[in-house]
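Numbering (full-length UniProt numbering), first residue to last: 1 to 53.
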């Protein structure tokens, strides 16, 4: 550290905003729902239930 005290928090340029993360999640979920793979749907819905989504 260059000076005493708590570390200065800097924003991560790779971090998404809440709005961007929500948009990506909705897009991915929409694509996933169009899948014809029954086992994928079982895994997806189990994950959604476990994640309280």
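Glycine is no exception: its CB is placed at the ideal position from the N, C-alpha and C atoms.
I need the boundaries of the alpha helix (DSSP H) containing residue 30, first residue and last residue.
Residue 30: member of the alpha helix (DSSP H) spanning 18-33, first to last residue.
Please report how far the alpha carbon of residue 46 lies from the alpha carbon of residue 7, in whole angstroms.
40 angstroms
Taking the straight line between their C-alpha atoms, what separation do you get for residue 37 and residue 10?
Rounded to the nearest angstrom, the two C-alpha atoms are 42 angstroms apart.
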